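Here's the structure we're looking at; comments come further down.
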Amino acid sequence: MVRPPVAVREAVQAYQPSAGYTLKPPTVAEKSFIFEWGVRVEYIDNDEVKTGWLCLADEACRQAGVKLVLSRARTSRATEHLRKVHRISSKKTAAAVEGKRKRDETVERLLSSNLYRTNPQCLHLLLETLRIVNNNLSFCSGEYEESRVIRQVVVREEMQTTVNAERIAKAIVELYSSTKAELIDFLERNRSDRANFVIMTDFWTCRTTHRKYLGLRLYLVDEYWQMRSVMLGTRKFSPSYGDRDVGIQGPFSADAGPDVKNLLANKLKYRWEWCVAHMAHAATKEACGMRNDEIKSLNPGMTKLISRIKKTIYQVRTVETTGNLFQELCRTQTETGTTQLLDYNPARFLSLTTAIRRILDKWTAIVAWYDERARKAICENKVPPTFPLQDDQLDLIHLLSLLRPVAGVKHMCQAEEPSTCILRISSWVWTLNVSKRLVRAASVRTSYSFCILARVFRCVSSIDLVSCRSCWN
Numbered sequence: 416m417v418r419p420p421v422a423v424r425e426a427v428q429a430y431q432p433s434a435g436y437t438l439k440p441p442t443v444a445e446k447s448f449i450f451e452w453g454v455r456v457e458y459i460d461n462d463e464v465k466t467g468w469l470c471l472a473d474e475a476c477r478q479a480g481v482k483l484v485l486s487r488a489r490t491s492r493a494t495e496h497l498r499k500v501h502r503i504s505s506k507k508t509a510a511a512v513e514g515k516r517k518r519d520e521t522v523e524r525l526l527s528s529n530l531y532r533t534n535p536q537c538l539h540l541l542l543e544t545l546r547i548v549n550n551n552l553s554f555c556s557g558e559y560e561e562s563r564v565i566r567q568v569v570v571r572e573e574m575q576t577t578v579n580a581e582r583i584a585k586a587i588v589e590l591y592s593s594t595k596a597e598l599i600d601f602l603e604r605n606r607s608d609r610a611n612f613v614i615m616t617d618f619w620t621c622r623t624t625h626r627k628y629l630g631l632r633l634y635l636v637d638e639y640w641q642m643r644s645v646m647l648g649t650r651k652f653s654p655s656y657g658d659r660d661v662g663i664q665g666p667f668s669a670d671a672g673p674d675v676k677n678l679l680a681n682k683l684k685y686r687w688e689w690c691v692a693h694m695a696h697a698a699t700k701e702a703c704g705m706r707n708d709e710i711k712s713l714n715p716g717m718t719k720l721i722s723r724i725k726k727t728i729y730q731v732r733t734v735e736t737t738g739n740l741f742q743e744l745c746r747t748q749t750e751t752g753t754t755q756l757l758d759y760n761p762a763r764f765l766s767l768t769t770a771i772r773r774i775l776d777k778w779t780a781i782v783a784w785y786d787e788r789a790r791k792a793i794c795e796n797k798v799p800p801t802f803p804l805q806d807d808q809l810d811l812i813h814l815l816s817l818l819r820p821v822a823g824v825k826h827m828c829q830a831e832e833p834s835t836c837i838l839r840i841s842s843w844v845w846t847l848n849v850s851k852r853l854v855r856a857a858s859v860r861t862s863y864s865f866c867i868l869a870r871v872f873r874c875v876s877s878i879d880l881v882s883c884r885s886c887w888n
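Residue numbers (this note's numbering): 416 to 888.
Okay, structure coming up:
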């Protein structure tokens, strides 16, 4: 996606609605790129309130006052106008086009391969094997009656073949052996006289089987000066008690736990270094008191606030006496389309930020939900429940103002697009202007030029949140 020129950005920021128009800026949850090239307004037409989008992408549209009606808050007309008139598309559209291009190249390469010309049935079996393995499907999925009907109806006769568990297992061996040979040749071709290979290990859990796996990944710069990575192997890691006695500790609870550090540093003789994502998360956890034990917490005030957040989320999500009242309140009293609160998990990088943002977005619905519960309890001669966060709205806004920039760092670390160089440059830019005031969480601004980690340690790690209140504007 093309970055808007300075003239367009200044026109969007300096726009003043004319008579009969009311400016309606995007909310925090609205990420559409049309708000970078124009503004959204509300106006009355035939005694009906309508929403429109004014295009400011070039001088011609600004002079002509191009206005497009956004029916039911949909942005399709605006995106179509930007695509056809200004040749501008979103990152999502560009990613879809790039994915289709890669898919077309893969199909063309397969159709022109020697295997397709000489043995198309074998190619069909190998493709089915990749589909089963990559999507963690059952080996016998090809033996289902529906799968057989699909092959007979859709697949051409010269490519039809038997797909069962036995043939899939043999095909996996063939794919493994050929892949291993290609990787060995690739690594041999890219070896040099200097150390240019970096090996890293990581643990992760399978989403379907919930088993812990150990992976070994190799990073290198290839002969064309492109950054490449190769997964050398994975192994299911579930040490028995006998293995733990001889030095392998477990079970592993976290990637940065002492057991993992001991395995990498002492057993495998690797050097332990913090990655940016884990380092930022560890700093946030310590500064924000994200612990269950208030005594051991470095920030007891924040620990109490987090416990009230968890209590509010639990009550809203689990109380069944109100039925779907909260969902209906979200639809009628809030701007975003979501109707549930998000769970909080201290092990997740962005969990606290997303949980607080969702609570603030649904604040009016939550207050109305507790008021309705209180009225119902009074009618039944019961003690009315209290809203645990009724006095904490301003503190939550301040806290989200602190967490929002560091959440951008964590989000960038988990993406596949940014390289280490881009991440380090971005981190260096964020360390500039440490004395600059924070941007309020409700602001639509997404760029920051201050060291958020320094502010987290300096402000949030205090006993209370009073010192945080002067850090945003």
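Don't be surprised by glycine CBs; every beta carbon is placed ideally from N, CA and C. As the structure is a computational prediction, the values presented were derived from the model and not from experiment.
Asked: How far does the beta strand (DSSP E) with Ile614 in it extend, from its first residue to its last?; Found: Phe612 to Thr620
Asked: CB-CB under 6 Å to His501, same chain, minus the five flanking residues each way: which ones, in chain order?; Found: Ala472
Asked: Could you compute how far the alpha carbon of His826 sits from the alpha carbon of Ala586?; Found: 38 Å
Asked: Can you have a look at Cys866 and say buried or exposed, based on whether 16 or more other CB atoms are within 10 angstroms of its CB?; Found: Bear in mind that the predicted position of Cys866 carries a pLDDT of just 44, short of 50, making it unreliable; the figure below should be weighed with that in mind. Cys866 should be labelled buried.
Asked: Let's see if you can read the secondary structure: which residues bound the beta strand (DSSP E) around Thr544?; Found: That residue, Thr544, is in no beta strand (DSSP E); its alpha helix (DSSP H) goes Pro535 to Asn549.
Asked: Tell me the rounded alpha-carbon separation between Lys797 and Thr769.; Found: 34 Å
Asked: Counting beta carbon pairs with one atom in the segment 557-564 and one in the segment 572-579, are three or more of them shorter than 8 Å?; Found: yes
Asked: Is Ile710 helix, strand or coil when you go by DSSP?; Found: coil
Asked: Arg571 by DSSP, collapsed to three states: which one?; Found: coil
Asked: If I'm right that Met615 touches Tyr634 with Cβ under 8 Å, what's the distance once you round it to whole angstroms?; Found: 7 Å
Asked: Starting from Glu457, follow its DSSP beta bridges and name the residues at the other end.; Found: Thr437 and Thr466
Asked: Grab the span of the alpha helix (DSSP H) containing Leu756 for me, first residue to last.; Found: First-last for Leu756: undefined, no H or E at that position.
Asked: Please report the straight-line C-alpha distance between Ile565 and Ser553, rounded to a whole angstrom.; Found: 17 Å
Asked: Does the count of Cβ pairs from the segment 521-534 and the segment 423-443 closer than 8 Å reach three?; Found: no
Asked: Could you give the residue range of the alpha helix (DSSP H) that holds Leu720?; Found: Pro715 to Thr733
Asked: Give me the residue from Glu463, Lys482 and Ser505 with the minimum Cα distance to Pro432.; Found: Lys482
Asked: Counting only the same chain and skipping the five closest in sequence on each side, list residues whose C-beta sits under 6 Å from that of Pro803.; Found: Arg723, Lys726 and Thr727
Asked: At which residues does the beta strand (DSSP E) containing Leu552 begin and terminate?; Found: No beta strand (DSSP E) contains Leu552, which DSSP labels as neither H nor E.
Asked: DSSP on Tyr430, reduced to helix/strand/coil?; Found: coil
Asked: If you scan the segment 471-517 from start to end, which runs of the alpha helix (DSSP H) of 4 or more residues do you find wholly inside it?; Found: 474-479 and 491-500
Asked: Count the other CB atoms, across all protein chains shown, that sit within 10 Å of the CB of Arg918; report buried if there are 16 or more and exposed otherwise.; Found: Residue numbering for the chain in the displayed model covers 416 to 888; residue 918 lies beyond these limits and cannot be assessed.
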